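In order, the protein sequences belong to chains A and B. If you read the first sequence in the numbering used here, its first letter stands for residue 1, the second for the next number, and so on. If you read the second sequence in the numbering used here, its first letter stands for residue 293, the second for the next number, and so on.
Protein chains: 2
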Amino acid sequence: MNNINKVTFIGFGLINSSLAQVFKSKSLAKQICAFSRREETRDKITKLNIVDIIYDDVVNSVKNADLIVLGIPVGAMENIISEIASSLKSGAIITDVGSIKKNIMKSILSKLPNDVYFVPGHPIAGTENSGPEAGFAELFKGRWCILTPDKNTSKIALETVKFIWQEAGMQVAIMDAEYHDRVLAITSHIPHLVAFSIVGTVTELEDQLKTEVIKYSAGGFRDFTRIAASDPIMWRDVFLNNSDAVLEMLGRFIEDLTALQKSIRWQDGESLEKLFTKTREIRKSIISEEQD
Amino acid sequence: MNNINKVTFIGFGLINSSLAQVFKSKSLAKQICAFSRREETRDKITKLNIVDIIYDDVVNSVKNADLIVLGIPVGAMENIISEIASSLKSGAIITDVGSIKKNIMKSILSKLPNDVYFVPGHPIAGTENSGPEAGFAELFKGRWCILTPDKNTSKIALETVKFIWQEAGMQVAIMDAEYHDRVLAITSHIPHLVAFSIVGTVTELEDQLKTEVIKYSAGGFRDFTRIAASDPIMWRDVFLNNSDAVLEMLGRFIEDLTALQKSIRWQDGESLEKLFTKTREIRKSIISEEQD
């Protein structure tokens, strides 16, 4: 793999802030740089004391950078790439941490010069908190990072990005971009959509009932509110950019939910029990997967 | 409140096992008894070493009991009450721990003699584990217990049951039974139904995709599988017995989810962002409620 003299983090939310802390603690680059358009964010980055140079100009921030990590909402990536494309160093590696891959690859690859290498990535890690101050180096430990190279992706660039995520403590898997988006639609996008939706339903309840719901939210609803507190812009862009896979899975889910609705209306206890017994098995598979 | 010489736990799942451990550690009754129809469960209770007499005959188990705690699926309560009604001691107090209250009250009250007091209760606490061995005395600490007496409920019996849950570390709230069922439909029953449903959708995926989904289930789906691993019989009975409130809320939820589906199909980012920003507020209300 290549040596990294200068790494530039574009955007400094939970993921990029955490990864920058890994770079710092493991000395993975000689110079750690960051760009953020917002003064408030730059002030927060300053206080963290992990970044050597903080830029307010994205073009300057990428000059001479060996590695650039895009940690911004998926919907903002194309414009940023257009801005920086002609200022990138020959041989520079760009990677991203977006939750969807197919659309990003298409729009980024079409804008990059041939002597710059793009490695699409998705570290599956997160909390409900966002912003530079939410970051911590241990965020990635023991989790999966999925990279979705295509047949033109540089092998050396791929190895470099793989090495970095492994240094962060992740297991790295290689997957087709479209397949990644289908898997994530189920494991992450639909659960988030459902949580956003159900918490949204509650915001529209009459005030008294809403107060009681918040007070007694110990059970399942509490977990849903945690999920539904995730970053709004990031999630808006996920749904807009992975709409095919999300709509396909959402269709299946609404079908199944409607069947359940019918079972309840017709007091069909047998069907309910059968389903609830089956869903226990999946939990067991996940627990045993983790213990492997 | 009355002194408790003999308490009988009917059923010995997570809640009753945990409450029995509170009785033991705080010496709340002179004699702790339990009934279970299943030999396997009785063997597990024996091993826990917290119960003085374990019965395989429910009629014998309640004889001379001052307090009886029903910790069985809601659908089984009416039959048990029919069996024991004529063997109850005059002045005995019966309480239950079921997640729905209106239907239970109706069926239990119609079967009890006049000199026995029923106090409907619902300790809002749980884990995804079930069975006697899943119990632990700290399960209830800091959580809410809702009691739903009606105008005929004995004040002394109510105070006794309230005292017990407070001894277990719970805050006790008094609520109308029907209102309880509406609140719980939202905070607990619908989230569970949705989790069961989405995990059910995954069980029907083609094998390869299902394997990947289980492997990369770090995000929201993992939380859903935990919820969907809850006791099947208990949840079947919840949905059958709280169908009115569940169907009302499910109707609202499916409406909202369908609107979201439309926003995604039409790439309406503004609506998505607006909803996702609103749902963050509810989380803040819950966190601040907990810090009060």
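We treat Cβ as the ideally placed atom computed from N, Cα and C, and that holds for glycine. Model, not experiment: these values are computed from the prediction.
C-beta atoms of G363 of chain B and F301 of chain B nearer than 8 Å: Taking the first residue of the second sequence as 1, we reach residue 363 of chain B at position 71. Taking the first residue of the second sequence as 1, we reach residue 301 of chain B at position 9. Cβ distance < 8 Å, so G363 of chain B and F301 of chain B count as in contact.
Coil, strand or helix - D292 of chain A by DSSP: Start at 1 with the first residue of the first sequence, and residue 292 of chain A comes out as number 292. Residue placement at D292 of chain A cannot be trusted, given a pLDDT of 49 that sits under 50; the coordinates are not used to answer.
Whole-angstrom C-beta distance between Y347 of chain B and F327 of chain B, which should lie under 8 Å: Position 35 of the second sequence, counted from the start, is the residue given in the question as residue 327 of chain B. Position 55 of the second sequence, counted from the start, is the residue given in the question as residue 347 of chain B. Going by Cβ atoms, the distance from F327 of chain B to Y347 of chain B rounds to 4 Å, so yes, they are a contact pair.
Spatial distance of K298 of chain B from R252 of chain A (CA atoms): For this step, residue 298 of chain B is matched to residue 6 along the second sequence. For this step, residue 252 of chain A is matched to residue 252 along the first sequence. A direct Cα-Cα distance of roughly 52 Å separates K298 of chain B from R252 of chain A.
Residues near A228 of chain A by beta carbon distance below 6 Å, same chain, minus five either side: As a first step, residue 228 of chain A must be located in the first sequence, where it is residue number 228. Beyond the five residues adjoining it in sequence on each side, A228 of chain A comes within less than 6 Å, by CB distance, of A195, F196 and V199 in the same chain, given in chain order.
Same chain, Cβ closer than 6 Å to D584 of chain B, neighbours up to 5 away in sequence not counted: Translated into the one-based positions of the second sequence, residue 584 of chain B becomes position 292. Note that D584 of chain B scores 49 on pLDDT, short of 50, meaning its location in the model is unreliable and no value can be drawn from it.
Residue nearest to V411 of chain B in terms of C-alpha spacing, selected from B:S379, B:R518, B:V453 and B:W436: Here the question's residue 411 of chain B lines up with position 119 in the second sequence. Answer by Cα proximity: B:V453.
Cross-chain neighbours of T95 of chain A in chain B, by beta carbon under 9 Å: For the purposes of this step, residue 95 of chain A is taken as the residue at position 95 of the first sequence. Those do not exist, as T95 of chain A stays about 19 Å from chain B at its closest Cβ, beyond 9 Å.
Coarse secondary structure for K570 of chain B, derived from DSSP in three states: What you label residue 570 of chain B is simply residue 278 of the second sequence in a count that begins at 1. K570 of chain B falls in the helix class under three-state DSSP.
Start and end residues, beta strand (DSSP E) containing T127 of chain A: Here the question's residue 127 of chain A lines up with position 127 in the first sequence. T127 of chain A -> no beta strand (DSSP E), and no H or E assigned at all.
8 Å Cβ cutoff, Q267 of chain A in contact with chain B: Position 267 of the first sequence, counted from the start, is the residue given in the question as residue 267 of chain A. It does; some Cβ of chain B falls within 8 Å.
Whole-angstrom distance between K447 of chain B and P405 of chain B, CA atom to CA atom: Numbered from its first residue, the second sequence carries residue 405 of chain B at position 113. Numbered from its first residue, the second sequence carries residue 447 of chain B at position 155. Roughly 17 Å between the two C-alpha positions.
Minimum C-alpha distance to T225 of chain A - residue among A:F239, A:N129 and A:Q31: Taking the first sequence and counting its residues from 1, one reaches residue 225 of chain A at position 225. Closest by C-alpha distance to T225 of chain A, out of A:F239, A:N129 and A:Q31, is A:N129.
Beta carbon of G418 of chain B nearer than 8 Å to that of C437 of chain B: As a first step, residue 418 of chain B is located in the second sequence; it is residue number 126 there, counting from the start. As a first step, residue 437 of chain B is located in the second sequence; it is residue number 145 there, counting from the start. One thing to note: G418 of chain B has its Cβ no nearer than 8 Å to the Cβ of C437 of chain B.
DSSP-derived helix/strand/coil call for K215 of chain A: In the first sequence, the residue the question calls residue 215 of chain A occupies position 215. Correct three-state label for K215 of chain A: helix.
Candidates A:T148, A:I287, A:V183 and A:N152, of which the one nearest A173 of chain A by Cα: Indexing the first sequence from 1 puts residue 173 of chain A at position 173. Closest by C-alpha distance to A173 of chain A, out of A:T148, A:I287, A:V183 and A:N152, is A:T148.
Touching by the beta-carbon criterion (3+ pairs, under 8 Å), the segment 324-342 of chain B and the segment 475-486 of chain B: No: fewer than three Cβ pairs fall under 8 Å.
Burial state of I53 of chain A, where buried means 16 or more other Cβ atoms lie within 10 Å: The count along the first sequence starts at 1 and reaches residue 53 of chain A at position 53. Around the beta-carbon of I53 of chain A, fewer than 16 other beta-carbon atoms lie within 10 Å, marking it exposed.
Per-residue DSSP class, three states only, for L401 of chain B: Mapped onto the second sequence, residue 401 of chain B falls at position 109. It is helical.
Strand pairing of I53 of chain A, partner residues [DSSP]: The sequence position of residue 53 of chain A within the first sequence is 53, counting from 1. According to DSSP, which records beta bridges pairwise, I53 of chain A is partnered with A:C33.
Selection of the segment 53-85 of chain A by Cβ proximity to chain B, strictly under 8 Å: If the cut-off is 8 Å between Cβ atoms, the segment 53-85 of chain A has G75 near chain B.
Any C-beta of chain B under 8 Å from that of R38 of chain A: By one-based count along the first sequence, residue 38 of chain A stands at place 38. Not one chain B Cβ lies under 8 Å of R38 of chain A.
Short-range partners of chain A found in the segment 317-342 of chain B, where Cβ spacing is below 9 Å: None of the residues of the segment 317-342 of chain B has a beta carbon lying less than 9 Å from any beta carbon of chain A.
Residue environment, N242 of chain A, which counts as buried when at least 16 other CB atoms sit within 10 Å: Residue numbering aside, residue 242 of chain A sits at position 242 when the first sequence is read from its first letter. With 16 or more other Cβ atoms inside 10 Å of its own Cβ, N242 of chain A counts as buried.
Where Q313 of chain B sits in the DSSP three-state scheme: Taking the second sequence and counting its residues from 1, one reaches residue 313 of chain B at position 21. In the three-state scheme derived from DSSP, where H, G and I count as helix and E and B as strand, Q313 of chain B is classed as helix.
Presumed contact (8 Å Cβ cut-off) between F531 of chain B and L272 of chain A, rounded CB distance: Sequence index remark: in the second sequence, residue 531 of chain B carries index 239 (1-based). Sequence index remark: in the first sequence, residue 272 of chain A carries index 272 (1-based). Yes, F531 of chain B and L272 of chain A are in contact; Cβ-Cβ is about 6 Å, under 8 Å.
Residues in the segment 419-442 of chain B having any Cβ partner in chain A nearer than 9 Å: Listed in chain order, the positions of the segment 419-442 of chain B with a beta carbon within less than 9 Å of a beta carbon of chain A are E420, R435, W436 and I438.
Proximity test, Cβ basis, 8 Å: S399 of chain B and chain A: To locate residue 399 of chain B, count along the second sequence from 1; it is residue 107. No, S399 of chain B lies away from the interface with chain A (no Cβ there is under 8 Å from its Cβ).
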